[in-house]
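Numbering (our numbering), first residue to last: 3 to 233. Heads up, the thing below is written out as structure tokens.
This is the structure:
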């Protein structure tokens, strides 16, 4: 009975991520289709001719439209139209704040890779002896730095995500000397947050041999690599 239970759990571990991924992708495609297809003329909507709904057609149309808008925005006429629209939004008290915030977020995430979070680290929070995982941004010359920077120890903006949703959290400014850098990637840090610490990313520890050379030991995968043999 124990063996059957183990087989079931092994199958669940294999099947559950695949099934959930397919469900999320399928739901996203259906959501986009539900928004786009109602606005398509019957002459261009395949659902009008086929006896079944064609999944993904709305997503393809949305991608084409977004690409065309990007192409038009890149020329003078497009920039003029976008500039006029932004000036109109800037006159709306509530809308302008939401629009500017969303625009900055998308520009940061999609346009300038240097502005994104660079590394993962640890800070001692909320009290001494308790450590929290943070995403570390690069050093910036801001008004906050001008007021609070210490000689040789700048303030760095860090984002402390919440579990299990890493898109929410707290923005904090911490002195560089108080951040413990980690080697894990941003993606691995997000996995650690989402899983509440259950999914630990792989990492390697370097161990010094008696002759002074280094061994690279993978603690998540029991393999050993001799660093002295590297070219």
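All C-beta atoms, glycine included, are put in the ideal place defined by N, C-alpha and C.
Range covered by the alpha helix (DSSP H) that runs through residue i
i, result
"residue 29", "4 to 38"
"residue 85", "78 to 92"
"residue 191", "188 to 196"
Spatial distance of residue i from residue j (CA atoms)
i, j, result
"residue 201", "residue 194", "6 angstroms"
"residue 198", "residue 170", "14 angstroms"
"residue 166", "residue 63", "33 angstroms"
"residue 77", "residue 131", "55 angstroms"
"residue 180", "residue 97", "38 angstroms"
"residue 7", "residue 35", "41 angstroms"
"residue 127", "residue 107", "26 angstroms"
"residue 2", "residue 49", "The structure shown has nothing for residue 2, since the chain only spans 3 to 233."
"residue 54", "residue 47", "12 angstroms"
"residue 134", "residue 30", "32 angstroms"
"residue 51", "residue 25", "27 angstroms"
"residue 99", "residue 91", "9 angstroms"
"residue 11", "residue 33", "32 angstroms"
"residue 19", "residue 37", "27 angstroms"
"residue 102", "residue 94", "12 angstroms"
"residue 44", "residue 87", "30 angstroms"
"residue 152", "residue 145", "14 angstroms"
"residue 70", "residue 82", "16 angstroms"
"residue 9", "residue 65", "42 angstroms"
"residue 140", "residue 22", "35 angstroms"
"residue 116", "residue 73", "With a pLDDT of only 49 at residue 116, under 50, the local geometry of the prediction cannot be trusted, and the value read off the model is given with reservation. Residue 116 and residue 73: Cα-Cα distance of roughly 24 angstroms."
"residue 129", "residue 190", "25 angstroms"
"residue 89", "residue 15", "52 angstroms"
"residue 203", "residue 5", "28 angstroms"
"residue 28", "residue 42", "21 angstroms"
Endpoints, the beta strand (DSSP E) within which residue i is located
i, result
"residue 127", "From DSSP, residue 127 is part of no beta strand (DSSP E); its letter is neither H nor E."
"residue 135", "133 to 138"
"residue 183", "182 to 184"
Whole-angstrom C-beta distance between residue j and residue i, which should lie under 8 angstroms
i, j, result
"residue 138", "residue 154", "No, residue 138 and residue 154 are not in contact; Cβ-Cβ is about 18 angstroms, not under 8 angstroms."
"residue 168", "residue 148", "About 30 angstroms separates the two Cβ atoms, so there is no contact after all."
"residue 121", "residue 183", "6 angstroms"
C-beta atoms of residue i and residue j nearer than 8 angstroms
i, j, result
"residue 150", "residue 176", "no"
"residue 159", "residue 142", "yes"
"residue 205", "residue 174", "no"
"residue 119", "residue 161", "yes"
"residue 39", "residue 60", "yes"
"residue 84", "residue 75", "yes"
Counterpart residues of residue i in DSSP-defined beta bridges
i, result
"residue 121", "138"
"residue 1", "It is not possible to answer for residue 1, since the shown part of the chain is limited to 3 through 233."
"residue 97", "Paired residue(s): none; residue 97 is not in a bridge."
"residue 58", "Residue 58 pairs with nothing; no bridge assigned."
"residue 161", "137 and 173"
heavy atom of the ligand SAM below 7 angstroms from residue i C-beta
i, result
"residue 129", "The ligand content of the structure shown is nil, which means the ligand SAM is not present either."
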